[in-house]
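Visitor:
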Amino acid sequence: MAELPELPKDFSYSAEHEWVDAAADAVAGQTVKVGITAVAADALGEVVFVDLPEVGDTVTAGETCGEVESTKSVSDLYSPVTGEVTAVNDEAVDNPGLLNSDPYGEGWLFQVAVSEAGALMDAAAYAEANNV
146 MAELPELPKD
156 FSYSAEHEWV
166 DAAADAVAGQ
176 TVKVGITAVA
186 ADALGEVVFV
196 DLPEVGDTVT
206 AGETCGEVES
216 TKSVSDLYSP
226 VTGEVTAVND
236 EAVDNPGLLN
246 SDPYGEGWLF
256 QVAVSEAGAL
266 MDAAAYAEAN
276 NV
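146 is the number of the first residue of the sequence shown in this note's numbering; add one for each residue after it.
1. Given this structure, state the Cα-to-Cα distance separating residue 153 from residue 268, to the nearest angstrom.
2. Give me the Cα-Cα distance between residue 231 and residue 277, rounded to the nearest whole angstrom.
3. In or out: residue 156 buried (at least 16 other Cβ within 10 Å) or exposed?
4. Nearest-angstrom Cα distance between residue 178 and residue 253?
5. Are three or more beta carbon pairs between the stretch 194 to 204 and the stretch 158 to 171 nearer than 8 Å?
6. What residues in its chain sit with their C-beta under 7 Å from that of residue 221, if we drop five residues either side in the sequence?
7. Output yes or no for whether 8 Å exceeds the beta carbon distance between residue 319 and residue 259.
8. According to DSSP, simplified to helix, strand and coil, what is residue 218?
9. Taking C-beta to C-beta, are residue 263 and residue 159 nearer than 8 Å?
10. Say the cut is 7 Å; is the CB of residue 193 nearer than that to a heavy atom of the ligand NAD?
11. Ordered along the chain, which non-local residues of its own chain (more than five positions away) have a Cβ less than 7 Å from that of residue 255?
12. Checking the sheet assignment: what are the DSSP bridge partners for residue 157?
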């Protein structure tokens, strides 16, 4: 397994390997970015395509909202929060390799105006659950 970038400590994480750029107890009521973790990107291998929700769509925590395709497989993308999609990262759509090269920065996927947080954990709990 490759050396993974350090988990941002101020992000929250889902069991399905998505991240939110806010602390779990502060997510509701905010607009947050969502992406996949380096653990997920590493397991997928080279990401070649992403299918994301559209601006204006409502996503629901724990439910599928898109797909991430790699040279190895196609995986469902699960929303870690419930709310309305306010932006999509067109750069990641055009250059899906960003999910591998910069999963916590330029590789973000979409933004959500959060109405409700899903089951999220902090960086320490995610790291322990995934042996990172």
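Every residue, glycine too, gets a C-beta built ideally from N, C-alpha and C.
Guide: From the atom records:
1. Locating residue 153 in the sequence shown gives position 8, counting from the first residue. Locating residue 268 in the sequence shown gives position 123, counting from the first residue. Their Cα atoms are separated by approximately 7 Å.
2. In the sequence shown, residue 231 corresponds to position 86, counting from 1. In the sequence shown, residue 277 corresponds to position 132, counting from 1. About 31 Å.
3. Here residue 156 is taken as the residue at index 11 of the sequence shown, counted from 1. So residue 156 ends up on the buried side.
4. Locating residue 178 in the sequence shown gives position 33, counting from the first residue. Locating residue 253 in the sequence shown gives position 108, counting from the first residue. Cα to Cα, the separation comes out at about 7 Å.
5. no
6. Position 76 of the sequence shown, counting from 1, holds the residue named residue 221. Once the five neighbours on either side are set aside, the close Cβ partners of residue 221 are 209 and 212.
7. Because residue 319 is not part of the residues shown, which for the chain are 146 to 277, the question remains open.
8. Position 73 of the sequence shown, counting from 1, holds the residue named residue 218. Three-state DSSP puts residue 218 in coil, outside helix and strand.
9. Numbered from its first residue, the sequence shown carries residue 263 at position 118. Numbered from its first residue, the sequence shown carries residue 159 at position 14. Yes, they are a contact pair.
10. With respect to small molecules bound, the structure shown includes none, and the ligand NAD cannot be examined in it.
11. For the purposes of this step, residue 255 is identified with residue 110 of the sequence shown, where counting begins at 1. Answer for residue 255: 179, 197, 198, 230, 232, 233 and 234, listed in chain order.
12. On the sequence shown, residue 157 is found 12 positions in, with the first residue counted as 1. For residue 157, which the question treats as bridged, DSSP gives the partners 165.
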